[in-house]
Amino acid sequence: MGVAGKPEGSESLVDRAVRGDVGAFEELYSENVGRVYLLCLRMCGDPSLAEELAQEAFVRAWQKLGSFRGASAFSTWLHRVTVNVVLGDRRSTVRREARVKPAGDDLPLDLTASAPSPGQVLDLERSIAALPDGARTVFVLHDVEGYRHKEIARLTGVAVGTSKAQLHRARQLLRKALTS
Amino acid sequence: MNCHESTDRFDDYLDGQLDADDANGLRTHLADCPSCADKLETIRELREGAAALPRSLEPPHDLWPGIAARISEAKVVRGRFWSRTLMAAAAAVLVITSVVTAYYIGRSQAVMMAELPAVVESGESEVLLASFEGLGVNDYMARRTELLNALDARSHELSGETMDVVMENLLLIDQAMDRIAVALGEDPENEFLMKQLVGAYRQQINLLQRAVRLPAEV
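Rendered as structure tokens:
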């Protein structure tokens, strides 16, 4: 997968958190909350729901810390936990139906200086937020986060061909939105 | 290679995952097919744009208080599986003669450590919760005191380690609730924070209810 698996200086924090040290887990939270929240926001497109999902991801991570074996970086493991939380919520249709389609105005404005221009990035963020759920999920996982279709299919419970079709659809919609 | 075969290989091509024969076949097709070449360029631009998006964004509100309130219950479960050495050490740390007294002493210390107003028996969250109507939390303080008294009555049946963990988690939820209440003071209409506060309240009541129902250990 495309999530960076590089080692980080959190091993001792993780060890302490596994032993039940809430303070250590709070430090892990501080280190990772920005990435977790933005992943949730991009995948669900709703700032309020993204906060709930990010919180749920950390609670789930705390509950599952005992299963973290250190084979990957903690941030990589947490990323997967977060994706599963968001996808699990997606399956809860009752909750989703009650939500209003996002406009994308709350998506990140604090942009880095790297290309493309801030205006282009904002357009892209808003266009991603406006995608249909399935297409947005696959686009974010594949093109933003670097997952392969096989992994996306396994995570979302669809066929590889369906994942490819959703990505194709997402790109067509984005192309149309960005050129209109 | 036809157009369908070509487009199906775009991502692998951009990822450098195509073998040499397929890559050459694709390049040959692209040279003769402006439509596919245009599609490939669009996908390349989208992928580059997506890869350049920010990777981190702080949420509008601090999520930790709500997380701390929720994970404290899980900590109770973990606490029961501490090693014998840790259990002995923990039991030696705290000798509780009265659950209610120990709770309020601990609470006042927790409030002061959190640099919140030095309120001993009523934190920010309690004042706020008492003002809620229609949320089913108006009787919060009375319910908590009732459960603390029930726990007090059972304290001689529970180990020092268990009581230590319960008290520690009660105070942890208290701190979380007070932090949420302070944030609500700055943003009184924030529904997310309000939900977190009510959720934390329920966590604390649940924790006490579970503690009261624990089987006798001593």
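Chains P and X supply the protein sequences, listed in that same order.
Quick note: the first sequence, position 41, residue 1156 per the numbering used here, numbers continuous.
Quick note: the second sequence, position 110, residue 111 per the numbering used here, numbers continuous.
All C-beta atoms in this analysis are idealised placements derived from N, C-alpha and C, irrespective of residue type, glycine included.
Asked                                                                                                                                                                               : Found
With a threshold of 8 Å between beta carbons, is Ser84 of chain X in contact with chain P?                                                                                          : Model confidence at Ser84 of chain X stands at a pLDDT of 35, short of 50, so the residue's coordinates are unreliable; what they give is reported in the following sentence. Not one chain P Cβ lies under 8 Å of Ser84 of chain X.
From Gln205 of chain X to Asp188 of chain X, what does the alpha carbon distance come to, in whole angstroms?                                                                       : 23 Å
Answer with buried or exposed for Pro35 of chain X, where buried requires no fewer than 16 other C-beta atoms within 10 angstroms of its C-beta.                                    : exposed
Helix, strand or coil for Gly1276 of chain P, going by three-state DSSP, please let me know.                                                                                        : helix
For Gln210 of chain X, count neighbouring C-beta atoms within 10 Å of its own C-beta (all shown protein chains included) and say buried if the count is 16 or more, exposed if not. : exposed
Whose C-beta lies closer than 6 Å to the C-beta of Ala201 of chain X among residues of the same chain, with five residues either side of it excluded?                               : Ala70, Ile174, Ala177 and Met178
Can you give me the Cβ contacts of Ala1169 of chain P inside the same chain, cut-off strictly under 6 Å, excluding the 5 residues immediately before and after it?                  : Val1151, Tyr1152 and Cys1155
According to the Cβ coordinates, are Ile1162 of chain P and Pro61 of chain X closer than 8 Å?                                                                                       : This sequence places Pro at residue 1162 of chain P; Ile is not what is there. A contact, by the Cβ cut-off of 8 Å.
Applying a beta-carbon distance threshold of less than 8 Å, which residues of chain P neighbour Arg48 of chain X?                                                                   : Asp1258
Can you pull out the residues from the region 1163-1192 of chain P whose beta carbon lies closer than 8 Å to at least one beta carbon of chain X?                                   : Ser1163, Ala1165, Glu1166, Glu1167, Ala1169, Gln1170, Phe1173, Val1174, Trp1177 and Gln1178
Return the Cβ separation of Leu1293 of chain P and Asp1248 of chain P in integer angstroms, given the expectation that the two are a contact with Cβ distance under 8 Å.            : Leu1293 of chain P to Asp1248 of chain P, Cβ: 20 Å. No contact.
Chain X partners of Val1137 of chain P, CB-CB under 8 Å?                                                                                                                            : Ala69, Ile72, Ser73, Lys76 and Leu173
Closer than 8 Å, CB to CB, is Ala51 of chain X near chain P or not?                                                                                                                 : yes
Report the option in P:Gln1178, P:Glu1166, P:Leu1246 and P:Ala1188 whose CA atom is closest to the CA atom of Leu1288 of chain P.                                                   : P:Leu1246
Counting contacts by CB-CB distance shorter than 8 Å, is Arg1269 of chain P in contact with chain X?                                                                                : no
Candidates P:Gln1281, P:Gly1203 and P:Phe1140: which alpha carbon is nearest Arg1251 of chain P's?                                                                                  : P:Gln1281
Count the other CB atoms, across all protein chains shown, that sit within 10 Å of the CB of Asn25 of chain X; report buried if there are 16 or more and exposed otherwise.         : exposed
What residue ranges within the region 1165-1210 of chain P form continuous alpha helix (DSSP H) runs of no fewer than 4 residues, ordered along the chain?                          : 1189-1205
Taking 7 Å as the cut-off, is the CB of Ser1182 of chain P close to at least one heavy atom of the ligand NAP?                                                                      : With respect to small molecules bound, the structure shown includes none, and the ligand NAP cannot be examined in it.
Between Asp1258 of chain P and Leu47 of chain X, which are expected to be in contact by the criterion C-beta below 8 Å, what is the C-beta distance as a whole number of angstroms? : 6 Å
Please state whether DSSP places Ser7 of chain X in a helix, a strand or coil.                                                                                                      : helix
At least one CB of chain X closer than 8 Å to the CB of Leu1288 of chain P: is that the case?                                                                                       : no
Could you work out which residue in X:Ala51, X:Met164, X:Glu218 and X:Ala143 is closest to Gly1261 of chain P when comparing CA atoms only?                                         : X:Ala51
Leu64 of chain X versus chain P: which residues are under 8 Å apart at the beta carbon?                                                                                             : Tyr1144, Val1148, Tyr1152, Glu1166, Ala1169, Gln1170 and Phe1173
On the criterion of 16 or more Cβ atoms from any shown chain inside 10 Å, does Cys1159 of chain P qualify as buried, or is it exposed?                                              : buried
Got a sec: is the Cβ-Cβ distance from Pro55 of chain X to anything in chain P below 8 Å?                                                                                            : yes
What is the DSSP secondary structure of Tyr1152 of chain P, counted as helix, strand or coil?                                                                                       : helix
Can you tell me whether Asp39 of chain X is buried or exposed, with buried defined as 16 or more other CB within 10 angstroms of its CB?                                            : exposed
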